[in-house]
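For what it's worth, our numbering labels the leading residue of the sequence shown as 14, then goes sequentially. This report concerns only the one structure given below.
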Amino acid sequence: MGHAHDPHPIDGPPEHDPAHDVDGKKLALWLGGSAVGVFVTVGVLLVIFEQIIEHQRHKMVGLTPAVQVDDLRRTEDADLSGAGGGKSVDAAIDSYVQQRGGKPSGNR
């Protein structure tokens with residue numbers, strides 16, 4: 014009658030087993046450092062993503078020729094300069110200043 018050894022000892026692991034010890038301070042530093050690393054990486058990627066989006070928006074919207082905007086700008090410039098038959102903005106401001114008793118500016 015041979016007695017075989019039990020593959021799972023009942024009394025558990027030895028009291029000091031360096032292979033299975035957990036160093037709490039080292040673990041906390043690793044977890045904290047990893048969390049900081051993840052947040053810093055996400056922050057940097059967010060800044061890069063925002064710059065890429067702004068560049069794409071500028072490329073798609075800002076550099077597109079806008080015929081309507083150019084036409085409107087020409088019309089407004091003509092109206093403000095008095096080419097449509099009325100006073101120019103500068104002349105209107107000078108007359109307003111004279112009505113209030115001031116001197117019109119000579120550079121208009």
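For each residue, glycine too, the CB sits at the ideal point set by N, CA and C. Because the structure is a prediction, the values reported are computed rather than measured.
CA-to-CA distance, residue 64 to residue 93, given in whole angstroms: 38 angstroms
Considering only their Cβ atoms, is the gap separating residue 104 from residue 115 smaller than 8 angstroms? no
Hey, could you find the ends of the alpha helix (DSSP H) residue 68 is sitting in? 37-70
Excluding the 5 residues preceding and the 5 following residue 46 in the sequence, name in chain order all residues of the same chain whose CB lies nearer than 8 angstroms to its CB. none
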